[in-house]
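A.B. asks:
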Amino acid sequence: MTMRRLVLTGWLCLSLAVQARQQEVPNEALAEKAVEAERRGDFAGAVAAFEQLLKDGTDSPQLRNNLGIAYFQLGRYDDALKQFRRVLASNQGSLSASLFSGLSLLKLQRPKEARLSLLKAETAQPDSPDVLIALAQADAASHYLSEASSLYQRVTRLQPNNADAWYGVGITNRALAEQTLKSSGGSSRVQAQQFIQTANAALARAVDLDPHSVGSYMILGESFRIAEEYDQAVEEYEAATQRKPDFAPAWAGLAQAYSAAGRDNEALKAANSALALDPNDAGTNVLIAATYLRLSDLPHAKEYALRAIKLQPELSSAHVVLAKCELQEKEPDQALPELRAAVKDDLDGSTYYLLATTLRQLGKTAEAAAAMQNYKRLHAMHVGSNPAVH
Numbered sequence: 010m011t012m013r014r015l016v017l018t019g020w021l022c023l024s025l026a027v028q029a030r031q032q033e034v035p036n037e038a039l040a041e042k043a044v045e046a047e048r049r050g051d052f053a054g055a056v057a058a059f060e061q062l063l064k065d066g067t068d069s070p071q072l073r074n075n076l077g078i079a080y081f082q083l084g085r086y087d088d089a090l091k092q093f094r095r096v097l098a099s100n101q102g103s104l105s106a107s108l109f110s111g112l113s114l115l116k117l118q119r120p121k122e123a124r125l126s127l128l129k130a131e132t133a134q135p136d137s138p139d140v141l142i143a144l145a146q147a148d149a150a151s152h153y154l155s156e157a158s159s160l161y162q163r164v165t166r167l168q169p170n171n172a173d174a175w176y177g178v179g180i181t182n183r184a185l186a187e188q189t190l191k192s193s194g195g196s197s198r199v200q201a202q203q204f205i206q207t208a209n210a211a212l213a214r215a216v217d218l219d220p221h222s223v224g225s226y227m228i229l230g231e232s233f234r235i236a237e238e239y240d241q242a243v244e245e246y247e248a249a250t251q252r253k254p255d256f257a258p259a260w261a262g263l264a265q266a267y268s269a270a271g272r273d274n275e276a277l278k279a280a281n282s283a284l285a286l287d288p289n290d291a292g293t294n295v296l297i298a299a300t301y302l303r304l305s306d307l308p309h310a311k312e313y314a315l316r317a318i319k320l321q322p323e324l325s326s327a328h329v330v331l332a333k334c335e336l337q338e339k340e341p342d343q344a345l346p347e348l349r350a351a352v353k354d355d356l357d358g359s360t361y362y363l364l365a366t367t368l369r370q371l372g373k374t375a376e377a378a379a380a381m382q383n384y385k386r387l388h389a390m391h392v393g394s395n396p397a398v399h
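End of the sequence shown sits at 399 in the working numbering; the numbers just go up one at a time, nothing left out.
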């Protein structure tokens with residue numbers, strides 16, 4: 010997440026400059042140069058000046074915190090995290106370091122670690138919308154959907170006109186509806202419908218508040234994609250990429266819409282645009298892998314599936330794509346560990362079915378029978394909760 014307002018940055022930069030003057034250090038001019046660069050948004054210049062200050066022997070938590078913020082703004086999240094951890098080692102109560110540690114970890118796709126830092130930031134400032142939204146993002150990425158929804162709703166009470174918060178309420182409640190139906194079958198339709206109603210109202214509110222933002226196009230694109238109205242989804246995502254060409258999620262959404270519509274070549278083009286902006290997005294790597302698999306380009310499919318697994322080792326969809334490649338290459342023994350890694354997230358039985366057939370090929374009949382039973386159970390639940398599935 011890119012912070013809309015770095016409210017602490019100005020104070021910290023000023024603190025650093027005042028400190029330099031009070032101590033009459035020979036690097037006063039360089040400290041002020043670093044401060045000025047960060048204030049005007051020249052983060053590369055700020056990094057160069059801050060790093061020179063450290064080389065010259067000037068060091069303080071304020072300096073390292075500002076260096077970390079500059080690294081963060083440049084997308085150097087590993088470097089930023091190192092600086093914030095140095096700050097927290099000397100001052101565990103630093104709100105800024107806790108917040109930006111969490112944001113850096115989110116960017117590095119380590120949401121459960123991010124939560125620990127962001128919970129500290131929430132304790133220090135429980136009514137900060139920026140802190141609450143960051144924590145909600147970490148909760149959602151960690152699959153704590155109810156907690157994420159509650160945090161987003163707290164922000165809507167603090168700031169009723171915060172479109173980002175309403176968008177978060179909508180997305181998390183939509184995910185809760187899907188999760189409820191898949192995990193409980195048709196028995197929880199009433200609860201799922203309540204989640205859907207909350208989601209639709211929140212998304213409508215977000216669009217009303219910010220009708221011309223990239224977020225509004227993203228909301229509509231996602232809504233059309235889920236409704237399987239792919240042409241309309243493509244239109245909305247294309248509008249988002251035109252409005253903000255350097256926004257990786259817009260290109261990733263467009264790639265998903267193209268893929269769902271069966272427009273594989275266009276999906277690849279959009280997905281590669283997303284990766285050019287955010288090469289560490291495991292989901293986009295999986296989408297590319299799955300597209301190459303459909304095109305029977307197994308070497309490229311395996312390449313991108315392996316990239317996704319390296320980025321996010323527990324990503325089941327990547328393991329499934331890799332397993333399918335191995336099966337097409339008549340290597341069931343290579344596919345087996347990938348399927349074992351993926352079945353933990355199987356919601357409709359499809360992965361268990363592949364596992365069962367693979368085990369049968371390998372002569373593991375007892376395990377194959379158990380896997381087939383799991384397939385039948387999950388498939389029956391999926392069909393029961395989705396009347397359109399036959």
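Where a beta carbon is used, it is the ideal one built from N, C-alpha and C, also for glycine.
Return helix, strand or coil for H309, following the three-state DSSP convention.
C.D. replies: The count along the sequence shown starts at 1 and reaches residue 309 at position 300. It is helical.
A.B. asks: Going by beta carbon distance, what residues of the same chain come within less than 6 Å of P70, once the five residues before and after it are set aside?
C.D. replies: For the purposes of this step, residue 70 is taken as the residue at position 61 of the sequence shown. Around P70: V96, S99, N100.
A.B. asks: To which residues of the same chain is G19 closer than 6 Å at the C-beta, ignoring the five residues directly before and after it?
C.D. replies: Start at 1 with the first residue of the sequence shown, and residue 19 comes out as number 10. Here the model assigns G19 a pLDDT of 37, short of 50, so the residue's position is not dependable, and the following value carries that caveat. Closer than 6 Å at Cβ, skipping near neighbours: no residue.
A.B. asks: Between the alpha carbons of F256 and A283, how many angstroms are there, rounded?
C.D. replies: Taking the sequence shown and counting its residues from 1, the one referred to as residue 256 is at position 247. Taking the sequence shown and counting its residues from 1, the one referred to as residue 283 is at position 274. The straight-line gap from Cα to Cα measures roughly 8 Å.
A.B. asks: Determine the burial state of N182: buried for a count of at least 16 other Cβ atoms within 10 Å of its Cβ, exposed for fewer.
C.D. replies: As a position in the sequence shown, residue 182 is number 173, starting the count at 1. N182 should be labelled buried.
A.B. asks: Quick check on T11: buried or exposed, where buried means 16 or more other Cβ atoms within 10 Å of its Cβ?
C.D. replies: The sequence position of residue 11 within the sequence shown is 2, counting from 1. For T11, the pLDDT reaches just 37, beneath the cut-off of 50, and the residue's location in the model is therefore unreliable, although a value from the coordinates is still provided. Result: exposed.
A.B. asks: Do you know how far the Cα of V56 is from the Cα of H309?
C.D. replies: Here residue 309 refers to the residue found at position 300 when the sequence shown is read from its first residue. Here residue 56 refers to the residue found at position 47 when the sequence shown is read from its first residue. Cα-Cα distance, rounded: 38 Å.
A.B. asks: Measure from the alpha carbon of A276 to the alpha carbon of each residue in V243, A344, L160, L72, then state which is nearest.
C.D. replies: Here residue 276 corresponds to residue number 267 of the sequence shown, with the count starting at 1. The option with the nearest alpha carbon to A276 is V243.
A.B. asks: What did DSSP end up calling A269 once you bin it into helix, strand or coil?
C.D. replies: Here residue 269 refers to the residue found at position 260 when the sequence shown is read from its first residue. Three-state result, A269: helix.
A.B. asks: So is R316 buried or exposed if we call it buried at 16+ other beta carbons inside 10 Å?
C.D. replies: Stepping through the sequence shown from its first residue, residue 316 is reached at position 307. Buried, by the Cβ-count rule.
A.B. asks: On a Cα-Cα basis, can you pick out the residue from N170, I318, E247, L364 that is closest to A379?
C.D. replies: The residue given as residue 379 occupies position 370 in the sequence shown. Among N170, I318, E247, L364, the Cα nearest to that of A379 belongs to L364.
A.B. asks: Does the Cβ of H221 have 16 or more other Cβ atoms within 10 Å, making it buried, or fewer, making it exposed?
C.D. replies: The residue you call residue 221 lines up with position 212 of the sequence shown. Burial call: exposed.
A.B. asks: Would the beta-carbon of A280 fall within 8 Å of that of A264?
C.D. replies: Start at 1 with the first residue of the sequence shown, and residue 280 comes out as number 271. Start at 1 with the first residue of the sequence shown, and residue 264 comes out as number 255. The answer is yes: Cβ separation under 8 Å.
A.B. asks: Do you know how far the Cα of R349 is from the Cα of L387?
C.D. replies: Position 378 of the sequence shown, counted from the start, is the residue given in the question as residue 387. Position 340 of the sequence shown, counted from the start, is the residue given in the question as residue 349. Answer to the nearest angstrom: the Cα atoms are 16 Å apart.
A.B. asks: Residues in the same chain with beta-carbon distance under 6 Å from M381, minus the five sequence neighbours each way, listed in chain order, please.
C.D. replies: Looking up residue 381 in the sequence shown gives position 372. Around M381: A365.
A.B. asks: List the endpoints of the continuous alpha helix (DSSP H) containing D219.
C.D. replies: The residue you call residue 219 lines up with position 210 of the sequence shown. Looking at the DSSP string, D219 is not in any alpha helix (DSSP H), and its letter there is neither H nor E.
A.B. asks: Kindly indicate which three-state DSSP category P75 falls into: helix, strand or coil?
C.D. replies: Translated into positions along the sequence shown, residue 75 becomes position 66. Note on identity: in this sequence residue 75 is Asn, with Pro being the wrong assignment. In the structure shown, N75 sits in a helix (DSSP, three-state: H, G or I).
A.B. asks: Under the three-state reduction of DSSP, which class applies to E323: helix, strand or coil?
C.D. replies: As a position in the sequence shown, residue 323 is number 314, starting the count at 1. Coil.
A.B. asks: Between the C-alpha atoms of G111 and L160, what's the straight-line distance to the nearest angstrom?
C.D. replies: Locating residue 111 in the sequence shown gives position 102, counting from the first residue. Locating residue 160 in the sequence shown gives position 151, counting from the first residue. When rounded, the distance between both Cα atoms is 16 Å.
A.B. asks: In chain order, what residues of the same chain lie with their CB nearer than 7 Å to the CB of Q337, ignoring the 5 residues before and after it?
C.D. replies: In the sequence shown, residue 337 corresponds to position 328, counting from 1. These residues qualify, in order along the chain: L307.
A.B. asks: Can the beta-carbon of S158 be found less than 8 Å from the beta-carbon of L185?
C.D. replies: Taking the sequence shown and counting its residues from 1, one reaches residue 158 at position 149. Taking the sequence shown and counting its residues from 1, one reaches residue 185 at position 176. The answer is yes: Cβ separation under 8 Å.
A.B. asks: Could you say which of T360, E247, A58 lies nearest to A40 if we only look at CA atoms?
C.D. replies: Position 31 of the sequence shown, counted from the first residue, corresponds to residue 40. If we check each option's Cα against that of A40, A58 comes out closest.
A.B. asks: Can you check the segment 176 to 261 for any beta strand (DSSP E) of at least 3 residues that lies completely inside it and give the ranges in chain order?
C.D. replies: Correct list: empty.
A.B. asks: Taking the CB atoms as reference points, tell me whether A314 and L296 lie closer together than 8 Å.
C.D. replies: Counting from one through the sequence shown, the residue named residue 314 turns up at place 305. Counting from one through the sequence shown, the residue named residue 296 turns up at place 287. Cβ atoms of A314 and L296: not closer than 8 Å.
A.B. asks: Given a threshold of 16 other Cβ atoms within 10 Å of its Cβ, counted over all protein chains shown, does P258 qualify as buried or as exposed?
C.D. replies: Within the sequence shown, numbered from 1, the residue matching residue 258 stands at position 249. Buried, because 16 or more other Cβ atoms sit within 10 Å of the Cβ of P258.
A.B. asks: What residue range does the alpha helix (DSSP H) around K116 cover?
C.D. replies: Position 107 of the sequence shown, counted from the first residue, corresponds to residue 116. It spans 104 to 116 - the alpha helix (DSSP H) in which K116 sits, taken as one unbroken run.
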